Amino acid sequence: MGIGSPAPAPETSPGNAVGDMTGTRAASATSHGGGHATSTGLDTWKLGFWIFLGSETLFFGSLISTYMVYKHESIVGPHPPEVLNIPLTSISTFVLLMSSLAMVIALDAVQRGMRRSALFWIMAVVLLGGGFLGFQAYEFTHFYHVGLTLETNLFGSTFFILTGFHGAHVSVGVMWLLILWLDAWRGRLGPHNALRLEIAGLYWHFVDIVWIAIFTLIYLIE
Amino acid sequence: MATEPGGTASPSHGDTHEGGHATVGTYVLIGVILTIITAVEVAVFYIPALAGVLVPVLITLSATKFVIVVLFYMHLRYDHPIFSRVFFGPMMLALFVVISLILLFKYLPRFDPY
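Protein chains in written order, with our numbering: chain A, 78 to 299; chain B, -18 to 95.
This is how it looks when you write it as structure tokens:
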């Protein structure tokens, strides 16, 4: 359907009842053919979330460019080659990539109504995300012990701001997914409102692609 | 690619199930591809002979991973094109800002009034 096409008629199923905001948002336009009356024919939550992710690219773009501009400008050490641990970060990158795989499998399970599988895979994403945060906490602690803090030099300031904001995003994602796991456990997350997990998944994958850029630009390119 | 109400596009590919998204098998295959690309990135980093082409190779591999995740895991390959536009539009602007700032501060001659 084109943007200018007439919007489909609102659904009147119980799961999409007026007043049930959660159900309305989620069931109104899941990726499996739902739809509610909007001028575009698209789900407003999903469209709005994609616009939000677009703005997030500008946010992280500014942080990455700040890091790149001040790269090699630190007067005192430690400098990046002295402290960055490529093998360890490669493992944490792999962990985050696998969490994205678990995320899409979890979404598939929810859309198919496979509750036990959904519970397993959502928890897998939470644990893998937690694992990534553990790697980051270890890295930050190690940097602190070798004398690199937010105030030490330009590298420390830009590195901690960039990776810290990314870690904060991962933390938000982990908490969001824990809430969705609890909803799935209580039987409140299923094919009728799978859009809730789909939007959380978009956020999670975005965090993943930001790390793809960070891993290359900050860790691998000296 | 036909588009359904609700913003879902229906590709005519055999690797999708109802609703236009990839199957779990496709997701796992993509996960394997992403892992291999990451391993190649790290290997390239440690090969001294490739030091001269390190930056373009790493950026190409990274961009490949980025596009794969966005198209398949974020479903932009299957969803309505407007989602791609509202995401890639700002992303291109961000890319322009990053490249401009790097060129301005790192490569262009600095203006020194004294």
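Beta carbons are placed, not taken as given, at the ideal position from N, Cα and C, and that holds for glycine. Predicted, not measured: the structure shown is a model, and the values here were computed from it.
With DSSP as the reference, please indicate the residues paired to residue i in a beta bridge.
i: A/A186; result: Paired residues: none, contrary to the question.
Taking the alpha-carbon of residue i as reference, which of the options has the nearest alpha-carbon?
i: A/F292; options: B/V34, B/I40, B/T4; result: B/I40
i: A/A271; options: A/N162, A/P155, A/A186; result: A/A186
i: A/S132; options: B/A75, B/I83, B/L35; result: B/A75
i: A/G125; options: A/L279, A/V287, A/I298; result: A/L279
i: B/F86; options: A/I128, A/F197, A/S142; result: A/S142
i: A/V284; options: B/I11, B/L89, B/F47; result: B/F47
i: A/G250; options: A/H282, A/I238, A/H219; result: A/H282
i: A/R192; options: A/G118, A/R265, A/L130; result: A/R265
i: A/E275; options: B/H56, B/P71, B/V13, B/S81; result: B/H56
i: A/G224; options: A/H156, A/S167, A/W258, A/R263; result: A/H156
i: B/I83; options: A/H246, A/T240, A/H149, A/L227; result: A/H149
Need the endpoints of the alpha helix (DSSP H) that residue i sits in, please.
i: B/T4; result: No alpha helix (DSSP H) contains B/T4, which DSSP labels as neither H nor E.
i: A/D285; result: 272 to 291
i: A/E299; result: Element bounds for A/E299: n/a, residue is neither H nor E.
i: A/R265; result: Element bounds for A/R265: n/a, residue is neither H nor E.
i: A/T143; result: 121 to 146
i: A/S209; result: The identity of residue 209 of chain A in the sequence shown is Phe, whereas the question assumes Ser. That run of the alpha helix (DSSP H) goes 192 to 222.
i: B/I101; result: Because chain B here runs from -18 to 95, residue 101 of chain B falls outside it and cannot be looked at.
i: A/P158; result: 157 to 160
Note down, in chain order, each residue of its chain lying with its Cβ closer than 6 Å to the Cβ of residue i, except the 5 sequence neighbours on either side.
i: A/G208; result: V172
i: A/Q213; result: G244
i: A/L161; result: Y296
i: A/N230; result: S151, V153
i: A/T99; result: For A/T99, the predicted structure reports a pLDDT of 37, less than 50, and the residue's modelled location is therefore unreliable. The matter cannot be settled from this model.
With a CB to CB cut of under 7 Å and the five nearest residues on each side skipped, what residues in its chain are close to residue i?
i: A/G96; result: For A/G96, the predicted model reports a pLDDT of 34, less than 50, meaning its position is unreliable; a value from the coordinates is still stated below. If we look at A/G96 and ignore the five residues flanking it on each side, it has no Cβ neighbours.
i: A/A290; result: I141
i: A/G190; result: G267, P268
i: A/M175; result: L205
i: B/I14; result: I49
i: A/H246; result: V284
Quick one, are the C-beta atoms of residue i and residue j less than 8 Å apart?
i: B/V79; j: A/M145; result: yes
i: A/S151; j: A/F242; result: no
i: A/T121; j: A/W288; result: no
i: A/A261; j: A/L196; result: yes
i: B/F68; j: A/L184; result: no
i: A/L254; j: A/V202; result: yes
i: A/P164; j: A/E299; result: no
For a cutoff of 8 Å on Cβ pairs, would you count residue i as touching chain C?
i: A/F171; result: Chain labels in this structure do not include chain C; the protein chains are A and B.
Here's a check: name, in chain order, each residue in its chain whose Cβ is nearer than 8 Å to the Cβ of residue i, leaving out the five neighbours to either side.
i: B/Y8; result: F53, Y54
i: A/G110; result: Legend: pLDDT at A/G110 = 43, less than 50; position of this residue unreliable, value from coordinates given subsequently. So the list is empty, once near-sequence residues are dropped.
i: B/L42; result: I18, V21, E22, V25
i: A/I168; result: F212
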